[in-house]
Amino acid sequence: MVVVSPLLDLAGFYQPPFKVKAEYEVSLPIEDKDEDTIIKGRIDILVTSKPIWIAVIESKRSAVSLQPAIPQALVYMLKIPQTEQPTFGLITNGASFIFIKLVKGETLRYALSKAFDIWNPGNYLYDVLGILKRIAAVTAKS
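Below, the structure is given as structure tokens:
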């Protein structure tokens, strides 16, 4: 959160029309032919604008790989109420960042960005900020 909060601020997510919610609880019923299951969890940071969920941010400790957080973030993103607009996710451990884009429709589709690592030459933190600013600009117009 130490790295994410200033990035969200610089990208404009703490200004209207956006609202930032921390530790947002979600539950997703999964229907199975044998039994029904409910997956429960907490989204670390949820950015919304009116009824639209814009970004789901899942953060892990710096020593934790981002790979296990990908399905976790996708499950949270499936809970999103709207279907017309894409929803964006960000997974980070403070040093690496991966963006997710989920599009709902007849078929669910998602895409992952490359991993942006701040320890690489050139410091990808500026790229992460640029992507967050672009998401803010595109979704603020919607």
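Here the numbering used here is used: the first residue of the sequence shown is 689, the next is one more, and so on. Just so it is clear, CB atoms sit at the ideal spot from N, CA and C, and this is done for glycine as well.
Inter-residue spacing [alpha-carbon to alpha-carbon] between residue i and residue j
i           : j           : result
residue 714 : residue 730 : 6 Å
residue 818 : residue 778 : 13 Å
residue 785 : residue 719 : 32 Å
residue 702 : residue 788 : 21 Å
residue 716 : residue 798 : 18 Å
residue 711 : residue 764 : 12 Å
residue 698 : residue 734 : 16 Å
residue 744 : residue 722 : 31 Å
residue 773 : residue 762 : 15 Å
residue 753 : residue 781 : 8 Å
residue 708 : residue 700 : 11 Å
residue 814 : residue 820 : 10 Å
residue 794 : residue 759 : 20 Å
residue 809 : residue 801 : 18 Å
residue 804 : residue 812 : 6 Å
residue 775 : residue 790 : 5 Å
residue 749 : residue 828 : 30 Å
residue 792 : residue 728 : 21 Å
residue 726 : residue 766 : 13 Å
Beta bridge counterpart(s) of residue i as assigned by DSSP
i           : result
residue 747 : 780
residue 717 : 726
residue 712 : 731
Beta-carbon spacing of residue i, residue j below 9 Å
i           : j           : result
residue 783 : residue 768 : no
residue 706 : residue 824 : yes
Cutoff 9 Å: residue i Cβ touching any chain C Cβ
i           : result
residue 714 : Given the protein chain composition of this structure (a single chain), no chain C is represented.
Nearest-angstrom Cβ-Cβ length linking residue i and residue j, presumed shorter than 8 Å
i           : j           : result
residue 696 : residue 816 : Not a contact, Cβ separation roughly 11 Å.
residue 692 : residue 747 : 6 Å
Taking only runs of the beta strand (DSSP E) that begin and end inside the segment 753 to 805, which ones reach a length of at least 3 residues, in chain order?
775 to 780, 784 to 791, 797 to 800
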